[in-house]
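Data first, discussion second: the structure below is written as structure tokens.
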Amino acid sequence: MIYLDYNATAPMRPEVVSAMAEGALLPANPSSMHALGRKAKARLESARERVAHVVSAWPNEIIFTASGSEANNMVLRSFSDRPVLVGETEHASIFKTAQRLGGDVLPVDRNGHIDVAVLEAKLQALGRPALLSVMLANNETGVIQPMEPIVALAKAYQALVHCDAVQAVGKIPVDFGLLGVDMLTLSAHKCGGPLGVGALVVRNDLVVKPLITGGGQELGRRAGTENIVAIEGMALALELAASLDWVAAAQMMRDASEAALTAAAPDAVIAGANVARLPNTSCIMMPNVPSETQLMTFDLDGICVSAGSACSSGRIEPSHVLLAMGYDQEQAGCALRMSGGWNSTADELKFFTETWKKTYMRLVKSAA
18 MIYLDYNATA PMRPEVVSAM AEGALLPANP SSMHALGRKA KARLESARER VAHVVSAWPN
78 EIIFTASGSE ANNMVLRSFS DRPVLVGETE HASIFKTAQR LGGDVLPVDR NGHIDVAVLE
138 AKLQALGRPA LLSVMLANNE TGVIQPMEPI VALAKAYQAL VHCDAVQAVG KIPVDFGLLG
198 VDMLTLSAHK CGGPLGVGAL VVRNDLVVKP LITGGGQELG RRAGTENIVA IEGMALALEL
258 AASLDWVAAA QMMRDASEAA LTAAAPDAVI AGANVARLPN TSCIMMPNVP SETQLMTFDL
318 DGICVSAGSA CSSGRIEPSH VLLAMGYDQE QAGCALRMSG GWNSTADELK FFTETWKKTY
378 MRLVKSAA
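So that you can map any letter, position 346 of the sequence shown is 363 in this note's numbering, and since no number is skipped, the others follow by simple counting.
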């Protein structure tokens, strides 16, 4: 089985599995006052310091959550008294939550970049400070958002800026201070950590409203006993991923694959090909072949990739990201995402590329 769906979830790194297995042997409630509780508290705070160090934040700016989606919801719901502006290509946890809160959507250009002129017009028209949420790197296309001019513009209008960095961390450098944002979302399972744990980085002079109330955990910002084993796994995964030691090779393999695909299929389209993208991600549109057909072909050949956005019924819908970038329904309905990662090999990418080309020759060329 060849796994090329790292943007959905990455395999856990063996070092993380080992560390979590060891940590799981001890009872660990950091709110307990006895010796084991104090030890658990020390483990929790050590992990908090490690996560903070990876993204150049202060430890007290880290709030541990159960997912990136929870962290995103915490941001939007905490500051929903402000006008909410979000990019049209955001993850559903931002996009759909903003819709429910009556937020406004910022269009993107063909490359998936926020239209800064529209952003300024909206910020100016609001007449009061907004909350702006823009993802650092898109989960479907890998397009990296040019944050510097966006943040500078938002700050000129006293807006708060949140950045969803779930897909970016461990694939490109992520520095909370250098980004200049007020809040940052992280997740463990995209970079070789466990499922079910994430974090929200919050500038230490901001107060966020807890989504979950009860105990006083996380300095009163999120009730519920912290999952220390998963949190420690997250800290280690982020530390290992921060080296970016696999990234250069991944980009070379991705670029070679795309060059081979477009040479064999000049009518194929790669979303975001002309701008900076994550080094592991390709969003490829095979003309006139529905995503579901492609997925079945790859699945039969033992290759795990993804396409579009799946709803709860499992039916694939055209990607809202591609539609926002100006691709039509037919093009968006023919998209396939390949995303490699820390454990991907050149042979795997080569097999994917050859399978894609064979599928194209059989389903497109033969029908022409």
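For each residue, glycine too, the CB sits at the ideal point set by N, CA and C.
Going by the DSSP bridge assignment, what does residue i pair with across the sheet?
| i | result |
| --- | --- |
| M200 | H179, V219 |
| R294 | V160 |
| A352 | M302 |
| S323 | R354 |
| I287 | I301 |
| I189 | V186 |
| I131 | V125 |
| D22 | S356 |
Compute the distance between the beta-carbons of residue i and residue j, then report whether it is under 8 Å.
| i | j | result |
| --- | --- | --- |
| A293 | I161 | yes |
| A147 | A185 | no |
| Y174 | L223 | no |
| V72 | L201 | yes |
| N46 | G40 | no |
| G231 | C208 | no |
| A285 | P304 | yes |
| I320 | I19 | yes |
| E249 | A64 | yes |
| A341 | V125 | yes |
| L21 | S336 | no |
| V338 | T106 | yes |
| V92 | L255 | no |
| A83 | G210 | no |
| V151 | G120 | no |
| L295 | R30 | no |
| K374 | A273 | no |
| L196 | C180 | yes |
| M302 | A352 | yes |
Going by the C-beta, is residue i closer than 7 Å to any heavy atom of the ligand SAH?
| i | result |
| --- | --- |
| G120 | The ligand SAH is not part of the structure shown, which contains no ligands of any sort. |
Could you tell me if residue i is buried or exposed, where buried requires 16 or more neighbouring beta carbons within 10 angstroms of its beta carbon?
| i | result |
| --- | --- |
| K226 | exposed |
| E347 | exposed |
| G233 | exposed |
| N1 | Because the chain is modelled from 18 through 385, residue 1 falls outside the range shown and cannot be assessed. |
| S35 | exposed |
| A169 | exposed |
| S260 | exposed |
| N221 | exposed |
| L317 | exposed |
| A12 | No information on residue 12 is available, as it lies outside the stretch 18 to 385 that the chain covers here. |
| M251 | buried |
Just confirm the distance between the C-beta atoms of residue i and residue j, as a whole number of angstroms; I'd bet it's less than 8 Å.
| i | j | result |
| --- | --- | --- |
| S308 | R271 | So it is not a contact: roughly 19 Å between Cβ atoms. |
| G104 | L123 | 5 Å |
| L236 | N77 | 7 Å |
| A27 | G343 | Going by Cβ atoms, the distance from A27 to G343 rounds to 30 Å, so no, they are not a contact pair. |
| T158 | A288 | 4 Å |
| R80 | R239 | Checking the sequence shown, residue 80 turns out to be Ile, not Arg. Yes, they are in contact, since the Cβ atoms of I80 and R239 sit about 6 Å apart, within 8 Å. |
**OP:** Ignoring anything shorter than 4 residues or poking outside the segment 57–108, list the alpha helix (DSSP H) runs there in chain order.
**Re:** DSSP runs (the alpha helix (DSSP H)) wholly in the segment 57–108: 85–95.
Subject >> Ranges of the alpha helix (DSSP H) found wholly within the segment 136–185, counting only runs of at least 4 >> reply: Entirely contained in the segment 136–185, the alpha helix (DSSP H) runs reaching 4 residues are, in chain order, 164–173.
Original post:
Taking the runs of the alpha helix (DSSP H) that are 4 residues or longer, which of them lie wholly in the segment 234–263?
Top reply: Runs of the alpha helix (DSSP H) inside the segment 234–263: 245–259.
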